[in-house]
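J.: Below is a structure I'd like to ask you about.
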Amino acid sequence: MSSSETVNVNKGAGRQDAGEGVRDTEGTQGTEGTQGIEGTGAVRLDGVTHRYGRGDAAVTAVGPVDLTVPAGEFLVLVGASGCGKSTLLRLIAGFEQPTQGAVRVSGAAPRPGDTAGVVFQTPRLFPWRTVQGNIDLALRYAGVDRARWPERRAELLARVGLEGTGKRRIWEISGGQQQRVAIARALAAENPLFLLDEPFAALDALTRERLQEDVRQVTAETGRTTVFVTHSADEAVFLGSRIVVLTKSPGTVALDLPITLPRGTVDADELRESREFTELRAEVAHAVKSAAAA
Ligand SMILES: Nc1ncnc2c1ncn2[C@@H]1O[C@H](COP(=O)(O)OP(=O)(O)OP(=O)(O)O)[C@@H](O)[C@H]1O
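Under my numbering, the first residue of the sequence shown carries the number 1, and numbering increases by one thereafter.
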């Protein structure tokens, strides 16, 4: 079967350009009924603006942004450097409070370290601990009963393809493996939201592709709502069930695009080589460029 037969994209369905009304989410994951919009793991940003600093030194980093991410959706935020992607993610995690507007996760204000599992560009592990020691810390922080740690740890390491590495020190594993540990750690707390801020930017192309495939699979398996920040149109189209392109700083929504590429059932290489994938990637790259220049 050719890739164009297997990969059928309903291009343009549900698209929203900036300024239009409510998004038609036909064809994307987790969007049915109010459960998806208000349910556990759903994210809602109402008129969110964030400024850093005060007075003459104040910088408006992002906004105003109105965005609803239904439970189970994989949203990718793309935009030029400095447009406010990380700031939006930090607001959703509860690390920052919006200067204006409101952020809600599962219908409540996010609590830092509690509402979401977060993966950053660098793994931020404890280098003197073992792989297992880093995971155990996350399990302790998540309040998992100690008796369950061995089982849960094994499950997490298997999920990110790190079986058998538990006893190794962080400096004894590769950068890609360290980022896998960071992903496992973020999944340790069974919260319904998973936030990733350019997690693969520092990795080589091959490792990056492998980890993209793993993240795609892990999120499909766990069903967590995911918000993923990247510069890469390629990464965005491969991972997202929806892509939001931000304008240049202060970022607002320039394009809101559902991605209806098949999820879970298709071979990753076949998907990447398909005509639909290539066209969407070109479209997103063009939108990012236009939004940055506007
Ligand atoms: N702690 C801070 N204090 C002051 N200004 C900040 C702070 N963090 C970010 N900014 C500014 O806010 C704006 C948005 O930054 P942010 O890091 O959110 O953008 P980004 O899109 O994630 O950028 P990049 O893609 O380069 O990581 C930028 O102008 C940045 O300089």
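Positions of the beta carbon are idealized from the N, C-alpha and C atoms, including for glycine.
Determine, using beta-carbon pairs with one atom in the segment 177 to 186 and one in the segment 113 to 122, whether at least three such pairs fall under 8 Å.
T.: Touching, per the Cβ criterion.
J.: Can you tell me whether Pro192 is buried or exposed, with buried defined as 16 or more other CB within 10 angstroms of its CB?
T.: Burial call: buried.
J.: Gly295 to Val62, Cα distance in whole Å?
T.: The structure shown does not extend to residue 295, since the chain is modelled only from 1 to 294, so the question has no answer here.
J.: Can at least three beta-carbon pairs, one atom from the segment 81 to 95 and one from the segment 140 to 152, be found at a separation below 8 Å?
T.: Flag = no, the segment 81 to 95 and the segment 140 to 152 do not touch.
J.: Between which two residues does the alpha helix (DSSP H) harbouring Val237 extend?
T.: Run containing Val237: 233 to 239, per the alpha helix (DSSP H) assignment.
J.: What three-state label does DSSP hand Ile243 in the structure shown?
T.: In the structure shown, Ile243 sits in a strand (DSSP, three-state: E or B).
J.: Here's the rule: buried if 16 or more other CB atoms are within 10 angstroms of the residue's CB, otherwise exposed. What is Ala182?
T.: Buried, by the Cβ-count rule.
J.: To the nearest angstrom, report how far apart Leu255 and Leu246 are at their CA atoms.
T.: Distance between the alpha carbons of Leu255 and Leu246: 7 Å.
J.: Bridge partners of Gly251, per DSSP?
T.: Val62, per the DSSP bridge assignment.
J.: Would you list the residues sitting across from Leu77 in a DSSP beta bridge?
T.: Beta-bridge pairing links Leu77 to Val229, Val244.
J.: Let me check one thing: in DSSP terms, what residues is Val48 bridge-paired to?
T.: Answer is Val65.
J.: Which ranges does the beta strand (DSSP E) cover as unbroken runs of at least 3 residues, wholly within the segment 152 to 237, from first to last along the chain?
T.: With a minimum length of 3 residues, the continuous beta strand (DSSP E) runs that stay inside the segment 152 to 237 are 193 to 197, 225 to 230.
J.: Nearest-angstrom Cα distance between Gly161 and Thr130?
T.: If you take the alpha carbons of Gly161 and Thr130, they lie about 16 Å apart.
J.: State yes or no: is the C-beta of Val59 nearer than 7 Å to some heavy atom of ligand 1?
T.: True, at least one ligand heavy atom lies under 7 Å from that Cβ.
J.: Relative to ligand 1, is the shortest distance from any of its heavy atoms to the C-beta of Ser290 smaller than 7 Å?
T.: It does not: the Cβ of Ser290 is nowhere closer than 7 Å to a heavy atom of ligand 1.
J.: For ligand 1, is there any heavy atom lying closer than 7 Å to the beta carbon of Gly101?
T.: No, ligand 1 has no heavy atom inside 7 Å of this Cβ.
J.: Taking 7 Å as the cut-off, is the C-beta of Gly84 nearer than that to any heavy atom in ligand 2?
T.: Looking at this structure, you won't find ligand 2 anywhere; what it does contain is ligand 1.
J.: Could you give the first and the last residue of the continuous beta strand (DSSP E) run that contains Val266?
T.: It is not in any beta strand (DSSP E) - Val266 carries neither H nor E in the DSSP assignment.
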